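Asks:
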Amino acid sequence: MKSILMVCLGNICRSPLAEGILKDKCKQHGISVKVDSAGTSNFHVGEMPDKRSMENALMHNIDISALRGRQFKVKDFDVFDMIYVMDESNYQNVIALARNQNDIDKVDYILNQIQPNINASVPDPYYGGEHGFENVFQLLNKSCNAIVEKLLSNTNQQ
Ligand code: 4NP
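The sequence shown begins at 1005 in the numbering used here and counts up by one.
(1) When we look at the beta-carbon of Met1090 and count the other beta-carbons within 10 Å, is it buried (16 or more) or exposed?
(2) Going residue by residue through the region 1103 to 1134, where are the continuous alpha helix (DSSP H) segments of at least 4 residues, counting only ones entirely within it?
(3) Any idea if Leu1062 is buried or exposed, counting beta-carbon neighbours within 10 angstroms, 16 or more meaning buried?
(4) In whole angstroms, what is the alpha-carbon distance linking Leu1144 and Lys1110?
(5) Looking at the unbroken beta strand (DSSP E) that takes in Val1011, where does it start and where does it end?
(6) Check this for me: beta carbons of Ser1041 and Val1011, under 8 Å apart or not?
(7) Report the rounded CA-to-CA distance for Asp1028 versus Asn1123, giving the unit in angstroms.
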């Protein structure tokens, strides 16, 4: 089974949303994929997603309240096929733990799924208002559509 990890800094705002959105789409399409998320920091280990992320997800009929924060670890390179990061600092922090080129090749900016090779960042909504969360949702929703299309075309080729 394919496996995908979403990574941000705290694992309470952006990456849990990305996890919830992708899981929802995979379920709707009947695709079996392992989806998880993690933060590069240990700031919010064991915590629920940020209230604003949970509320935003619920507005889109996605419940992420059961998710809990965890920190990215080197072993994740062995467990996951693809590791999607939200911004440049996530990218640098994850790459710093890579052991070889194979590990590095698994890591990509999630927005490269819709804007290839730009390495654009999903803005950190933590210090902003609620509008920031809807903006993040829209960016992640489009990116996850692209990921699902790729997963579906891979499935059809097998
Ligand atoms: P996230 O947002 O990386 O999207 O989960 C943040 C959450 C917490 C902090 C920063 C960003 N923080 O500094 O605690």
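By construction, the Cβ of each residue, glycine as well, lies at the ideal position given by its N, Cα and C atoms.
Every value quoted in this text rests on a predicted model; they were computed, and no experiment measured them.
Replies: According to the data block:
(1) buried
(2) Taking only runs of at least 4 residues, the alpha helix (DSSP H) segments lying wholly in the region 1103 to 1134 are 1105 to 1109.
(3) Here Leu1062 is exposed. Its C-beta has fewer than 16 other C-beta atoms within 10 Å.
(4) 19 Å
(5) Lys1006 to Cys1012
(6) In contact: Ser1041 and Val1011 (Cβ atoms closer than 8 Å).
(7) 25 Å
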